[in-house]
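Peer 1:
Numbering (the numbering used here), first residue to last: 4 to 74.
1) Find out if the Cβ-Cβ distance for the pair residue 40, residue 54 is shorter than 7 Å.
2) Going by Cα to Cα distance, which pick from 65, 64, 25 and 36 is closest to residue 46?
3) Give the DSSP-derived three-state secondary structure of residue 18 in the structure shown.
4) How long is the line joining the alpha carbons of residue 20 and residue 64, rounded to whole angstroms?
5) According to DSSP, simplified to helix, strand and coil, what is residue 56?
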């Protein structure tokens, strides 16, 4: 099972890749709805940003206690 830190790093990588794709769509294509497509990709990346912010707020010590039933 992946650690919380590994999940955060993977999510950061996905967000960065989505931002790169968004930039490419907006700048490398023309006349095919690039703004609509870029906006859609941006919304998805924004949702992942929200998830990442929630993961960053997780207290690993409390989570470990909860998993072990030591609350």
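Ideal Cβ positions, reconstructed from N, Cα and C, are used throughout, including at glycine. As the structure is a prediction and not an experimental result, all values here were calculated from the model.
Peer 2: Based on what the coordinates show:
1) If you check the CB distance, residue 40 and residue 54 do not come in under 7 Å.
2) Here the closest residue by C-alpha is 25.
3) Here residue 18 sits in helix by DSSP.
4) 30 Å
5) Helix.
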